[in-house]
Each structure stands twice: as structure tokens, then as C-alpha cells.
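Enquirer: I am attaching a structure below and will ask some questions about it afterwards.
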Amino acid sequence: MLNKKNWLIILFISLTTIVGVTYFYKRQKDLRYHDPDKIITEVRTYFMNVAGSYILNEPITYKKSDNSFIVFQGGITTKSNKTLTYYDFFADAKSGEVIDIIECES
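Numbering (full-length UniProt numbering), first residue to last: 1 to 106.
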């Protein structure tokens, strides 16, 4: 039979384990990146007459206005009046938010 001291030890170990597992679960959840395929699908909706698109699946560091972001880089090609226009975009890897869209020179 367990005495009062053993119950306190078991309670302490159980609570410590629960707190530790919760901490590491939340930490891992915050470190995950958004799915690049979902990001490119969303970015394609910003444009009309999309002829092609791509996204790099490896996050990179992007600097804008003295701020650094971990981003996915991608590109969109649109067709208008038989003319192709190219755009590069940068989307935050953690939030999925588009940070910058740049029209490229042809």
C-alpha cells in the first residue's frame, strides 16, 4: 500500500511529465511551417490569367526594411494580350502571409 510520501512523489512526477509534454508539443507546433502548396494555391488567386507558377519548398531568409523573415520564395507568370508578365513573391513560412510581390523585368 502506498503511503502519503509515495503519493506525493507520484503526483509530482505526473505533473512534471504533463507540463513537459505540453511545453514540447506547443513548441513543435509553433516551429512548423505552412504547406508551400497551399501558399502557392492562395497566391495564384491574386492574379488573373495565370500561365504558370512555382514555389521553392526550402525556406530562405528574406530581408525587408531591416527585418528578417523565414520565407518561401515563388513565382507567377501571367498572360495578358499575348504578353507574359513575371512576378516573384515571398510568403512567411510560419504564418503563410505574403510579404512581398515583385514584378520582374522581362
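Just so you know, even glycine gets a beta-carbon here, dropped at the ideal spot from N, CA and C.
Mind checking whether I76 and V98 have CB atoms under 8 Å apart?
Expert: The sequence position of residue 76 within the sequence shown is 76, counting from 1. The sequence position of residue 98 within the sequence shown is 98, counting from 1. Not in contact: I76 and V98 (Cβ atoms no closer than 8 Å).
Enquirer: Quick one: grab the DSSP three-state call for S80.
Expert: Against the sequence shown, residue 80 aligns to sequence position 80. Looking at S80 - three-state DSSP - the assignment turns out to be strand.
Enquirer: Would you decide whether I39 is buried or exposed? Buried here means 16 or more other CB atoms lie within 10 Å of its CB.
Expert: As a first step, residue 39 must be located in the sequence shown, where it is residue number 39. Buried.
Enquirer: Beta carbon of E105, beta carbon of Y87: below 8 Å?
Expert: Here residue 105 corresponds to residue number 105 of the sequence shown, with the count starting at 1. Here residue 87 corresponds to residue number 87 of the sequence shown, with the count starting at 1. No, the Cβ-Cβ distance between E105 and Y87 is not below 8 Å.
Enquirer: Pick from F69, G74, F89, T85: whose alpha carbon is nearest that of S95?
Expert: Looking up residue 95 in the sequence shown gives position 95. The candidate whose alpha carbon is nearest that of S95 is F69.
Enquirer: Can you tell me whether F24 is buried or exposed, with buried defined as 16 or more other CB within 10 angstroms of its CB?
Expert: Walking along the sequence shown from the start, residue 24 turns up at place 24. With fewer than 16 other Cβ atoms within 10 Å, it is exposed.
Enquirer: What is the DSSP secondary structure of E103, counted as helix, strand or coil?
Expert: Here residue 103 refers to the residue found at position 103 when the sequence shown is read from its first residue. Looking at E103 - three-state DSSP - the assignment turns out to be strand.
Enquirer: Once the 5 residues before and after I10 are set aside, which same chain residues still bring their CB inside 8 Å of it?
Expert: Taking the sequence shown and counting its residues from 1, the one referred to as residue 10 is at position 10. Within the same chain, I10 has close Cβ partners L2.
Enquirer: Would you kindly work out how many angstroms separate the C-alpha atoms of P36 and V50, rounded to a whole number?
Expert: To locate residue 36, count along the sequence shown from 1; it is residue 36. To locate residue 50, count along the sequence shown from 1; it is residue 50. In a straight line, the C-alpha of P36 is about 18 Å away from that of V50.
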